[in-house]
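*Asks:* Using full-length UniProt numbering, the letters of the sequence shown map in sequence onto residues 1 to 315.
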Amino acid sequence: MKRFAGDWIQIRTEYLETCGLPLYLNAIAGEDGIVLLDSGVAATPEASISGELAAAGLRVEDIALVVNSHAHPDHMGGNANLRRLADPEFAAPAAEAAWLEDNDLVIRELWEPNPDAYLLDDAERADLYGLFGDRVRVDRLLRDGDTIVAGGTPLTVITTSGHSPGHIAMHDPQRGVLFTFDDVQGAGTPVAHSDVWLPPLYHDVERYLAGLRRLAAADFELLVPAHGDHLDRAAGLARIEESIAFVERAGDFVAGYVARHGETRLGPLAHALGTELGPYDGVNLQTMSVAKAHLDQLVRRGALTPVWRHAPGPA
Ligand SMILES: [Zn+2]
Numbered sequence: 001m002k003r004f005a006g007d008w009i010q011i012r013t014e015y016l017e018t019c020g021l022p023l024y025l026n027a028i029a030g031e032d033g034i035v036l037l038d039s040g041v042a043a044t045p046e047a048s049i050s051g052e053l054a055a056a057g058l059r060v061e062d063i064a065l066v067v068n069s070h071a072h073p074d075h076m077g078g079n080a081n082l083r084r085l086a087d088p089e090f091a092a093p094a095a096e097a098a099w100l101e102d103n104d105l106v107i108r109e110l111w112e113p114n115p116d117a118y119l120l121d122d123a124e125r126a127d128l129y130g131l132f133g134d135r136v137r138v139d140r141l142l143r144d145g146d147t148i149v150a151g152g153t154p155l156t157v158i159t160t161s162g163h164s165p166g167h168i169a170m171h172d173p174q175r176g177v178l179f180t181f182d183d184v185q186g187a188g189t190p191v192a193h194s195d196v197w198l199p200p201l202y203h204d205v206e207r208y209l210a211g212l213r214r215l216a217a218a219d220f221e222l223l224v225p226a227h228g229d230h231l232d233r234a235a236g237l238a239r240i241e242e243s244i245a246f247v248e249r250a251g252d253f254v255a256g257y258v259a260r261h262g263e264t265r266l267g268p269l270a271h272a273l274g275t276e277l278g279p280y281d282g283v284n285l286q287t288m289s290v291a292k293a294h295l296d297q298l299v300r301r302g303a304l305t306p307v308w309r310h311a312p313g314p315a
């Protein structure tokens, strides 16, 4: 636990030990209760949130509002357990409400939209359901420009639509803080005790870039990501530039691959991206999505033609 600016507390979670990535949540305490930005995975409320709040002299039962930045399990998996502990309201991006309320839907649409190229195995699927936990209904649907009040001051929603289709950042002009959650990804994040990096994840090249440019234009002194340390303004802007540079590098890689191969299939392209562009562990949700995003971009520019094929087997 770290205390910033009096009422703003950063919660260190167990995610580094269980899943190999640092994960920080943020809590802002005020007279109307605590606003918690993201809820971790299903285990996080009891493993980390209760104890970290207690260390700051706060009570988990006083969480009045949980804001989920997007529908990935490490940002909303704790919702149901927080409801048991504190019964807060839940606010989340309107664009991802359906995913936030339905684990089967988010797994099918996010992990397995191209089942001929990539499907989870049974163990991965079971792990994922464990991280997601039970779902709760979203009470407040957030859209770009909406505000929530935390610790007596307004935070503004910036829809970035980058790392996930409805991803939001929260801008706190009073404290000079930009909570970017997972949107500013650089060239990825090293996974602890391994040789691999978690690759950047995005689904639409132009939307991701536009979101990053909006974040760069925001007035902030501190950029606060979920999976790493706070960055001052200069370092935050540099990290945004690094994120944009990765997209350019991935775009060049995909264009070069397509030029060499002519006919391109998604699975082999994702594998090449996940092994040649960086130590990104081959085919996974991230490399599949980034490969697809850049293919879509080439299709939109008229440089590629998509082809549908009949796959023999059960219809
Ligand atoms: Zn995420």
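Note that beta-carbon positions come from the ideal geometry of N, C-alpha and C, so glycine has one too.
The model shown is predicted, which means the values in this text are computed figures rather than measured ones.
Return the CA-CA distance between A95 and S161, expressed in angstroms with no decimal places.
*Replies:* Start at 1 with the first residue of the sequence shown, and residue 95 comes out as number 95. Start at 1 with the first residue of the sequence shown, and residue 161 comes out as number 161. Approximately 9 angstroms between the Cα atoms of the pair.
*Asks:* If you draw a straight line from the C-alpha of P312 to the C-alpha of F246, how long is it?
*Replies:* Within the sequence shown, residue 312 is the residue found at index 312, counting from 1. Within the sequence shown, residue 246 is the residue found at index 246, counting from 1. Their Cα atoms are separated by approximately 38 angstroms.
*Asks:* Does the beta carbon of S164 fall short of 7 angstroms from some heavy atom of ligand 1?
*Replies:* Position 164 of the sequence shown holds residue 164. Yes - ligand 1 has a heavy atom lying nearer than 7 angstroms to the Cβ of S164.
*Asks:* Check each residue's C-beta against every heavy atom of ligand 1 and list, in chain order, those closer than 5 angstroms.
*Replies:* Result (chain order): H72, D182.
*Asks:* Find out if the Cβ-Cβ distance for the pair N79, V66 is shorter than 8 angstroms.
*Replies:* Counting from one through the sequence shown, the residue named residue 79 turns up at place 79. Counting from one through the sequence shown, the residue named residue 66 turns up at place 66. Yes, Cβ-Cβ distance for N79 and V66 is below 8 angstroms.
*Asks:* Report buried or exposed for V60, applying the criterion of at least 16 other Cβ atoms within 10 angstroms of its Cβ.
*Replies:* Locating residue 60 in the sequence shown gives position 60, counting from the first residue. Burial call: buried.
*Asks:* Can you grab the Cα-Cα spacing for the pair V184 / D172, in whole Å?
*Replies:* Taking the sequence shown and counting its residues from 1, one reaches residue 184 at position 184. Taking the sequence shown and counting its residues from 1, one reaches residue 172 at position 172. About 17 angstroms.
*Asks:* Which whole runs of the beta strand (DSSP E) in the segment 184 to 259 are 3 residues long or more, in chain order?
*Replies:* Taking only runs of at least 3 residues, the beta strand (DSSP E) segments lying wholly in the segment 184 to 259 are 222 to 225.
*Asks:* Taking Cβ to Cβ, would you say D74 is nearer than 8 angstroms to L23?
*Replies:* In the sequence shown, residue 74 corresponds to position 74, counting from 1. In the sequence shown, residue 23 corresponds to position 23, counting from 1. It is a contact, given that the beta carbons lie within the stated cut-off.
*Asks:* Could you give the DSSP three-state label for H163: helix, strand or coil?
*Replies:* Counted from its first residue, the sequence shown places residue 163 at position 163. DSSP places H163 in coil when its eight states are reduced to three.
*Asks:* Report yes if the C-beta distance between P165 and Q286 is below 8 angstroms; otherwise report no.
*Replies:* Numbered from its first residue, the sequence shown carries residue 165 at position 165. Numbered from its first residue, the sequence shown carries residue 286 at position 286. Against a cut-off of 8 angstroms, the Cβ pair of Q286 and P165 comes out as no contact.
*Asks:* Expressed to the nearest angstrom, what Euclidean distance is found between the alpha-carbon atoms of S69 and I9?
*Replies:* Numbered from its first residue, the sequence shown carries residue 69 at position 69. Numbered from its first residue, the sequence shown carries residue 9 at position 9. S69 and I9: Cα-Cα distance of roughly 17 angstroms.
*Asks:* With DSSP as the reference, label V283 as helix, strand or coil.
*Replies:* Translated into the one-based positions of the sequence shown, residue 283 becomes position 283. Looking at V283 - three-state DSSP - the assignment turns out to be coil, as it is neither helix nor strand.
*Asks:* Can you tell me whether G40 is buried or exposed? The criterion is at least 16 other CB atoms within 10 Å of its CB, across all chains shown.
*Replies:* As a first step, residue 40 is located in the sequence shown; it is residue number 40 there, counting from the start. Counting Cβ neighbours within 10 Å, G40 comes out buried, since at least 16 surround it.
*Asks:* Please name the residue or residues paired with residue 328 in a DSSP beta bridge.
*Replies:* Absent from the model: residue 328. The displayed extent of the chain is 1 to 315, so no value can be given.
*Asks:* For L72, list the residues DSSP reports as bridge partners.
*Replies:* Translated into positions along the sequence shown, residue 72 becomes position 72. Residue 72 is actually His in this sequence, not Leu. Paired residues: none, contrary to the question.
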